[in-house]
Amino acid sequence: MTAAAEPLLSIRGLRVEFDVPGGRLPAVGGIDLDLGAGEVVAIVGESGSGKSALSMSLVGLNRGPRAHITGTAMLHGTDLIAASEEKLRSVRGKDVAVVFQDALAALNPTQKVGAQISEMLRTHQKLSRKAAWARSVELLREVGIANPEQRAKAYPHQLSGGMRQRVMIAIGLANEPGVLIADEPTTALDVTIQAQVLRLLKRLQTDHGTTIVLITHDLGVVAEVADRVAVMYAGRIVEQGSRDQVLFAPQHPYTKALLSSVPRIDGPAQDRLPAIAGSPLTGVTRPPGCAFAPRCAFTHEACLPAPPALLHRYGQPGQLDACVLGPDRNLVAVP
Amino acid sequence: MTTPLIEAEALRVEFANRVRAVRDVDLTVYEGETLGLVGESGCGKSTLGKAMLRLIEPSAGAVRYRGLTITGLRGTTLRSTRAELQMVFQDPFGSLNPRRKVADIIAEPLLRARGADKATARAKAAELLEFVGLGAEAGDRRPHEFSGGQRQRIGIARALAPGPRFIVADEPVSALDVSIQAQVINLLADLTRDRGLTMLFISHDLGVVRHVADRVAVMYLGRIIEIAPRDAFFAAPAHPYSEALLSSVPQLHPGPVRERIVLEGELPDPAAPPPGCAYHTRCRLAVDKCRTVEPPLAEIQPGRSVRCHLPLVPLEPAR
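These protein sequence lines map, in sequence, to chains A and B. Numbered by the numbering used here, the letters in the first sequence go through residues 1 to 335 in order. Numbered by the numbering used here, the letters in the second sequence go through residues 1 to 319 in order.
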């Protein structure tokens, strides 16, 4: 996204906290993020990084008595965080849709997949049953399902994992939403099927101008489809920039360590993979400073008092990171 | 690495629904090596691994461990042999008893299979917990107190307890985060090197396999379709399916995303595999012969075999 373009979706100061036994879990700890029209933004992180809590709060799917969600997420003049349930129902599926990792759990097992797509269509558009069914078949064809007339009559359990994921994407696309949130859409799939689904996501972006928020832990998938990348750690974005900046000229020690720990099928075969010591933070208590400091190879006393801000520091133009140490791992004065 | 440790001979596993998950597989794992077994879900790789340990009874064929045919063994001989053949599972949480202390979980196979006394078993459990990097004090805690990566270390310690020579590791790092995955991969590499263990490493992740395996075997619809030394395989796969599998792996390359061979369609129904070469329905190179005649698993180079009429790697010239 160029700096001049008006963002389609603008997230400011988003915090998501859950009451859990023993305290309040800070799942998302204050995030600012802009999404431009028609771009694919990958949100990368490990378990507990808050990437799914972030995306679920954009569609109001993690509201409840134990959830404390603050901040704003503006889409076409609507604040998705403050919007009423009723307002959200009119937005969800029409302006912003979600595709989940586990399609079998997300689909209704007692209903034909064509009927499930039709239902989504008829929620937001005035369509006859017949017209909705015809459009459902068309959508199944668009997501690359062979024999869509027959498949529309199938129940979810009669389809393979790859096909169910395509059905989920077809439901997501039914009303041509401007924003599609795809939460680990290929994690449960084999690589050959994953390649087909990624090709489909990329085609959505080019043919329909859909903005895609891709939530993933897989850096290879990011390299394949993302235009921009935000790396999350313990509820915060620690690095953000274009795909090439974040993946091939990373600034933050966490991004660098994560990239080097990926077992690759190219390059020299290493006898030992560079691993990151320790485990990601998952509990209710967080250190006051940089959350990665306990696992970082370069921790300095300046990392400890407060969480470093996400700023443009030593990266390329437009590249932001949240590390107070400079590229040579010395302390850097923040302007 | 030339002494066979465990061999499958025409091993077949058929389920009650007549799905032939493993179709007459011959496979030799040599002493001290790590053999990576790859393939998509439903190809039969996990079933083959379990059948080699007799955790699933094969319907036909035999498994030989150090020359002894273990298919058909019973009673004490089976128990003592089993102690030398262990398994590490994908989901360490599902395979650890939540109500027991970690030290007891690890000591149990020693008490049962090896008939060790309690004190010896306890001491051995503490030593193993140190070895897998958790520290002996972890033994007093229960599985739920540990993270996913730590639980997999417990699973590895338990598999090591009876002193195995052969381990089947079934997707041992698939449920772990990338940063933790690397720790466990390194631990498994230490195991095979320091303890001289032989391992069948089952994974759908080719990147992981490249970092742990000495040789790679690829399965498709219940059959081994290629087996090759690691570097030769990754440099130039010989089977068109291996080529497509490698080409599907998303890679970290700067600049434009490269062209790839995208496999159309899905895995055929394993209950009714296609005639001829089972892969011909998705193969970009298939000719008439592939649709009718199933190719044998033939050696095309020393130590390298492929089940294909038109292998991508040229035959070794006759000398």
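No residue lacks a Cβ here, since even glycine has one placed at the ideal position from N, Cα and C.
**OP:** Using only alpha-carbon positions, find the residue among B:Phe89, B:Glu137, B:Phe201 and B:Ala125 that is nearest to B:Ala175.
**Re:** B:Phe89
Subject >> Inside the segment 15-57 of chain A only - beta strand (DSSP E) runs reaching at least 3 residues >> reply: 23-35 and 40-44
Original post:
First and last residue of the alpha helix (DSSP H) that includes B:Pro240?
Top reply: Pro240 to Ser248
Subject >> Bridge-paired residues (DSSP) for A:Ala97 >> reply: A:Leu180
Subject >> Local conformation of A:Leu9 per DSSP, three classes >> reply: strand
Original post:
If you measure from the beta carbon of B:Ser179 to each beta carbon in chain A, is any gap under 7 Å?
Top reply: yes
Original post:
Would you report the Cα separation of A:Ser84 and A:Leu9, rounded to the nearest angstrom?
Top reply: 18 Å
**OP:** Let me know if A:Arg24 comes out buried or exposed under the rule of 16 or more other beta-carbons within 10 Å of its beta-carbon.
**Re:** exposed
**OP:** Please say whether B:Leu206 and A:Ile265 have beta carbons closer to each other than 7 Å?
**Re:** yes
Original post:
Is A:Pro288 buried or exposed, if buried means 16 or more other CB atoms sit within 10 Å of its CB?
Top reply: exposed
**OP:** Could you name the residues of chain B that A:Leu25 contacts, counting a contact when the two beta carbons are closer than 7 Å?
**Re:** Within chain B, no residue comes near A:Leu25; the closest Cβ sits about 15 Å away, beyond 7 Å.
Original post:
Quick one: does A:Ala234 have its CB under 7 Å from some CB of chain B?
Top reply: no
**OP:** Quick one: using the 10 Å Cβ neighbour count with 16 as the cut-off for buried, is A:Gly50 buried or exposed?
**Re:** buried
**OP:** Give the secondary structure of A:Glu142 by DSSP, where H, G and I count as helix, E and B as strand, and everything else as coil.
**Re:** helix
**OP:** Could you say which of A:Ile237, A:Thr210 and A:Val191 lies nearest to B:Glu40 if we only look at CA atoms?
**Re:** A:Val191
Subject >> Where B:Phe131 sits in the DSSP three-state scheme >> reply: helix
Subject >> 7 Å Cβ shell around B:Ile56 - same chain, five flanking residues per side excluded >> reply: Val13, Thr47 and Lys50
Original post:
Between B:Asp214 and B:Thr34, which are expected to be in contact by the criterion C-beta below 8 Å, what is the C-beta distance as a whole number of angstroms?
Top reply: 5 Å
Original post:
So, A:Ala170 versus A:Ile117, is the Cβ gap smaller than 7 Å?
Top reply: yes
Original post:
How long is the line joining the alpha carbons of A:Gly326 and A:Ala302, rounded to whole angstroms?
Top reply: 12 Å
**OP:** Pick helix, strand or coil for B:Arg23, following the three-state DSSP scheme.
**Re:** strand
Subject >> Reduced DSSP secondary structure (H/G/I, E/B, other) of A:Tyr254 >> reply: helix
Original post:
So is B:Arg319 in contact with chain A if we call contact Cβ pairs under 7 Å?
Top reply: Caution applies to B:Arg319, whose pLDDT of 49 falls short of 50 and renders its modelled position unreliable; the model cannot decide the point.
Original post:
Quick one, which of A:Val229, A:Phe100, A:Ala188 and A:Phe292 has its alpha-carbon nearest A:Met168's?
Top reply: A:Phe100
**OP:** With DSSP collapsed to three states, give me the class of A:Gln240.
**Re:** strand
**OP:** For chain B, find out if any of its Cβ atoms is closer than 7 Å to the Cβ of A:Thr2; answer yes or no.
**Re:** Residue confidence for A:Thr2 is low, a pLDDT of 45 falling below 50, so the modelled location carries little weight; the figure read from the coordinates is stated next. With 7 Å as the cut-off, A:Thr2 does not count as an interface residue toward chain B.
Subject >> Cβ-Cβ separation, B:Ser203 to B:Gly36 (assumed contact under 8 Å), whole Å >> reply: 7 Å
Original post:
Taking only beta-carbon atoms, is A:Arg203 less than 7 Å away from chain B?
Top reply: no
Original post:
Which residues share a DSSP beta bridge with B:Gly36?
Top reply: B:Phe201 and B:Val216
Original post:
By Cβ distance below 8 Å, which residues in the same chain neighbour A:Tyr155 in space, the five residues on each side in sequence not counted?
Top reply: Pro109, Thr110, Gln111, Lys112 and Val113
Original post:
Using the beta-carbon of each residue, which ones in chain B are nearer than 7 Å to A:Phe248?
Top reply: Pro254
Original post:
What does A:Ser47 touch in chain B if you count any residue whose Cβ is under 8 Å from its own?
Top reply: Gly148 and Asp177
**OP:** Could you round the C-beta distance between B:Ile261 and B:Arg284 to whole angstroms and report it? I think they count as a contact, below 8 Å.
**Re:** 7 Å
Original post:
How about B:Ser248: is its C-beta nearer than 7 Å to some C-beta of chain A?
Top reply: yes
Original post:
Are three or more beta carbon pairs between the segment 172-192 of chain B and the segment 257-264 of chain A nearer than 8 Å?
Top reply: yes
Original post:
Going by DSSP, which residues form a beta bridge with B:Ala182?
Top reply: DSSP, once it has assigned bridges, lists no residue as partnering B:Ala182.
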